[in-house]
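In this text, residue positions in the sequence shown follow the working numbering: the first is 1, and each later residue adds one.
Here a beta-carbon is modelled for each residue, glycine too, at the ideal position from N, C-alpha and C.
Bear in mind the structure is a predicted one, so any value in this text is a computation, not a measurement.
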Amino acid sequence: MFKNVILILFLFFVRESIGQKWVDTVYNITIQNNITYGSAFDFGGNLKSLKLDVATPIGDNHSPCGRPLILIIHGGGFLGGSKQDGYVRNWLIDFAKRGYTTASIDYRLGMFTTEKEIHCNITNLFNFPWDCMNETDSIEWYRAYFRAIQDAHRAIHFLINEPAYQIDQRNVFVIGESAGAITSLGFVYLDHKNELLSYFGSQNTVKSPNKIYDFPCIQTLGFDTSIASLTLARPDLIGDLDPTQNRNFTIKGIASIYGATLQDLFTSNTYSKIPILYMYHQPNDIVVDINRNKLLQGIESCAASLGSCGTLINRPMANGSQAIFQEIQQLKNIPIEVPEVTFEKTNNQVDCLGQLLNPSAAGHSIDNYWTRTLVFAKLFAQKIEESAACYTTTSTATLPSIKIFPNPAKTKLYIDFQKYDEEGFQFSINNLSGVTLISSENSRHLPKEINVSSLTSGVYILTIVTLKNRWNFKIIID
Numbered sequence: 001m002f003k004n005v006i007l008i009l010f011l012f013f014v015r016e017s018i019g020q021k022w023v024d025t026v027y028n029i030t031i032q033n034n035i036t037y038g039s040a041f042d043f044g045g046n047l048k049s050l051k052l053d054v055a056t057p058i059g060d061n062h063s064p065c066g067r068p069l070i071l072i073i074h075g076g077g078f079l080g081g082s083k084q085d086g087y088v089r090n091w092l093i094d095f096a097k098r099g100y101t102t103a104s105i106d107y108r109l110g111m112f113t114t115e116k117e118i119h120c121n122i123t124n125l126f127n128f129p130w131d132c133m134n135e136t137d138s139i140e141w142y143r144a145y146f147r148a149i150q151d152a153h154r155a156i157h158f159l160i161n162e163p164a165y166q167i168d169q170r171n172v173f174v175i176g177e178s179a180g181a182i183t184s185l186g187f188v189y190l191d192h193k194n195e196l197l198s199y200f201g202s203q204n205t206v207k208s209p210n211k212i213y214d215f216p217c218i219q220t221l222g223f224d225t226s227i228a229s230l231t232l233a234r235p236d237l238i239g240d241l242d243p244t245q246n247r248n249f250t251i252k253g254i255a256s257i258y259g260a261t262l263q264d265l266f267t268s269n270t271y272s273k274i275p276i277l278y279m280y281h282q283p284n285d286i287v288v289d290i291n292r293n294k295l296l297q298g299i300e301s302c303a304a305s306l307g308s309c310g311t312l313i314n315r316p317m318a319n320g321s322q323a324i325f326q327e328i329q330q331l332k333n334i335p336i337e338v339p340e341v342t343f344e345k346t347n348n349q350v351d352c353l354g355q356l357l358n359p360s361a362a363g364h365s366i367d368n369y370w371t372r373t374l375v376f377a378k379l380f381a382q383k384i385e386e387s388a389a390c391y392t393t394t395s396t397a398t399l400p401s402i403k404i405f406p407n408p409a410k411t412k413l414y415i416d417f418q419k420y421d422e423e424g425f426q427f428s429i430n431n432l433s434g435v436t437l438i439s440s441e442n443s444r445h446l447p448k449e450i451n452v453s454s455l456t457s458g459v460y461i462l463t464i465v466t467l468k469n470r471w472n473f474k475i476i477i478d
């Protein structure tokens, strides 16, 4: 009997150990900071270099398909914030320790503020950028949101196309807080043409911002786009990068931390399986209301009571986490395929003055970082796919049935298309630093034999290119 108990306990602990993969922080990591992932024009027409930080585990013995990726997007009201902010940096480090490749991004910030002189003393009293939150119209919020979504797509494409990062593009996850959560929700669920708003297109030219924009906005938030450097035209944004196109990766889940939606993202979708959604929010959040309300409504009310401030103008309505949860529950009755949702909230009711006096009671924060993060770490872990079939394509609609065999290989590797339009193809084999070691001219003969005897043991990327498509495969040489 005693032996049976010991055996049961042993099996239990083995099962628990296995079940903690992608959950426990067990690896040492390496971090690369300030990697340029692209460039794009900001709201004022100035070209910006876009940077990200990447963290990867050491000695994780990952799948030949690569590691799952977590993209992390910071908050800051589309006006400020950084990829190295507290929670953002913690997630970058802690999920890399769980075995992920993680990346936190900076993205284009800023909006056209109003030409009117709208000032409140709370700006000076609390070093709070109230003056900077009065935009020329509410459209500016939507355009800032869309630019951030575009930059998230730029970052993803940069990361998955860089062999050195060894990313399994079937397993992409996203974490965002505040404006970063608003961006993350758009990045994940804005996948259908019906969701491209007219605001993202060309708009009327704006008037030059009031001189308040230069002070305190630039000094307080670190803007480097001065009034003198602004181009006041508002061109079409969609033509620069359409986020509904070229989604050659599969998003499995998102964690939205005190986020909101600025538009309907759940009625239309192109997913075969919609990414899961974790949401966390506090009921006394004065930045992003947990329910449906204008952005910054709590701040406006708080500033009015403390500093005799007026109304923050031109803010959009937004659905906070509780409103999103209710919306998704209602859509189930239609029925429409909707995300699997986990929604956590607190009972924090401390008012704005109490939050100012006791920052630990702030509603726009996480009550317990480890507890909340562990919840969505476990949710993400359940969705990671680790099967051997790990090819990807930029055009899933035209994906043929391709065989790569044997894999692992020793001296010979074969490519075979089960359905092939005879247009010809080229291939190359790169190491994980992106160096091409073997390549071919155009070929039409199948199966194609490749001599890989010159390659040392390890993981490589096989790229197959036809006239219309490009596919990447992870291969192993024994």
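Classification of residue i by the beta-carbon crowding that lies within 10 angstroms, buried from 16 upward
{"i": "F163", "result": "It should be noted that the sequence gives Pro, not Phe, for residue 163. Buried."}
{"i": "F173", "result": "buried"}
{"i": "S479", "result": "Shown here, the chain extends from 1 to 478; a query on residue 479 therefore has no answer."}
{"i": "V188", "result": "buried"}
{"i": "I256", "result": "Checking the sequence shown, residue 256 turns out to be Ser, not Ile. Buried is the call here."}
{"i": "V26", "result": "exposed"}
{"i": "T411", "result": "exposed"}
{"i": "Q169", "result": "buried"}
{"i": "P335", "result": "exposed"}
{"i": "I476", "result": "exposed"}
{"i": "V88", "result": "buried"}
{"i": "E117", "result": "exposed"}
{"i": "F215", "result": "exposed"}
{"i": "H281", "result": "buried"}
{"i": "K97", "result": "buried"}
{"i": "H62", "result": "buried"}
{"i": "V54", "result": "buried"}
{"i": "Q297", "result": "buried"}
{"i": "T261", "result": "buried"}
{"i": "L353", "result": "exposed"}
{"i": "G86", "result": "exposed"}
Element boundaries [alpha helix (DSSP H), containing residue i]
{"i": "G81", "result": "Here G81 belongs to no alpha helix (DSSP H), and DSSP marks it neither H nor E."}
{"i": "G180", "result": "179–189"}
{"i": "M306", "result": "Strictly speaking, residue 306 in this sequence is Leu, with Met absent from that position. Run containing L306: 297–307, per the alpha helix (DSSP H) assignment."}
Residue range of the unbroken beta strand (DSSP E) whose run includes residue i
{"i": "Q32", "result": "29–41"}
{"i": "S428", "result": "426–430"}
{"i": "A318", "result": "317–320"}
{"i": "D416", "result": "412–417"}
{"i": "E449", "result": "448–451"}
{"i": "I313", "result": "No beta strand (DSSP E) holds I313; DSSP gives it neither H nor E."}
{"i": "K193", "result": "Where K193 is concerned, there is no enclosing beta strand (DSSP E), given that its DSSP letter is neither H nor E."}
{"i": "L197", "result": "Unbroken run through L197: none, as it is neither H nor E."}
{"i": "G458", "result": "458–465"}
{"i": "C204", "result": "Reading off the sequence shown, one finds Asn at residue 204, where the question assumed Cys. That residue, N204, is in no beta strand (DSSP E); it is neither H nor E in DSSP."}
{"i": "L437", "result": "436–439"}
{"i": "N293", "result": "292–294"}
Close Cβ partners of residue i (< 8 Å) along its chain, the five nearest in sequence each way excluded
{"i": "P209", "result": "F112, T113, T114, E115, T136, I227, L230"}
{"i": "R143", "result": "F43, M111, Y199, F200, Q203, R234, L237"}
{"i": "H192", "result": "T244, S268, N269, T270"}
{"i": "K48", "result": "S39, A40, F41, D42, R108"}
Same chain, Cβ closer than 7 Å to residue i, neighbours up to 5 away in sequence not counted
{"i": "D236", "result": "G201, S202"}
{"i": "N121", "result": "G307"}
{"i": "N90", "result": "Y369"}
{"i": "L159", "result": "L69, A103, Y165, I167"}
{"i": "Q519", "result": "Because the chain is modelled from 1 through 478, residue 519 falls outside the range shown and cannot be assessed."}
{"i": "Y145", "result": "F78, I182, T183, G186, L262"}
Nonlocal neighbours in the same chain, by C-beta distance under 6 Å from residue i, ignoring five residues either side
{"i": "E140", "result": "M111, F112"}
{"i": "L374", "result": "none"}
{"i": "L232", "result": "T205, V206"}
{"i": "Q20", "result": "none"}
{"i": "F405", "result": "Y414"}
{"i": "N520", "result": "The requested residue 520 does not occur in the structure, where the chain is confined to residues 1 to 478."}
Could you pull out every unbroken alpha helix (DSSP H) segment of at least 4 residues lying fully inside the region 103–177, listed in chain order? The qualifying runs are 122–125, 139–160.
For the 8 Å Cβ check, are there 3 or more pairs between the region 130–141 and the region 95–108? Result no; under three Cβ-Cβ pairs closer than 8 Å.
Threshold first: 3 residues or longer. Then list the beta strand (DSSP E) segments lying entirely within the region 208–290, N to C. With a minimum length of 3 residues, the continuous beta strand (DSSP E) runs that stay inside the region 208–290 are 251–257, 276–281.
Decide if the region 53–62 is in contact with the region 236–248; the criterion is three or more beta carbon pairs, one per stretch, under 8 Å apart. Three or more Cβ pairs closer than 8 Å define a contact, and the region 53–62 falls short of that threshold against the region 236–248.
Which ranges does the alpha helix (DSSP H) cover as unbroken runs of at least 4 residues, wholly within the region 50–100, from first to last along the chain? Look at the region 50–100 and you find these whole runs of alpha helix (DSSP H), each 4 residues long or longer: 86–97.
Between the region 336–350 and the region 274–289, do three or more beta carbon pairs fall short of 8 Å? Contact holds between the region 336–350 and the region 274–289, because three or more Cβ pairs, one in each stretch, are under 8 Å apart.
As an exercise, report each continuous alpha helix (DSSP H) stretch of at least 4 residues that is fully enclosed by the region 323–399, in chain order. Runs of the alpha helix (DSSP H) inside the region 323–399: 352–357, 369–383.
Can we say the region 277–297 touches the region 315–332, given the rule of at least three CB pairs closer than 8 Å? The region 277–297, when compared against the region 315–332, does touch it at the 8 Å Cβ threshold.
Counting pairs of beta carbons, one from the region 441–459 and one from the region 367–385, are three or more of them closer than 8 Å? No, they do not touch.
Inter-stretch contact (C-beta, 8 Å, three-pair minimum) for the region 173–182 and the region 63–80: Three or more beta-carbon pairs separated by less than 8 Å link the region 173–182 to the region 63–80, which places the two stretches in contact.
Any chance the region 457–477 sits against the region 423–430, with 3 or more Cβ pairs inside 8 Å? By the Cβ test, the region 457–477 is in contact with the region 423–430, since at least three Cβ pairs between them sit closer than 8 Å.
Flag this pair as touching only if the region 349–367 and the region 150–160 have three or more C-beta atom pairs under 8 Å; answer yes or no. Contact annotation: the region 349–367 does not touch the region 150–160, with fewer than three C-beta pairs closer than 8 Å.
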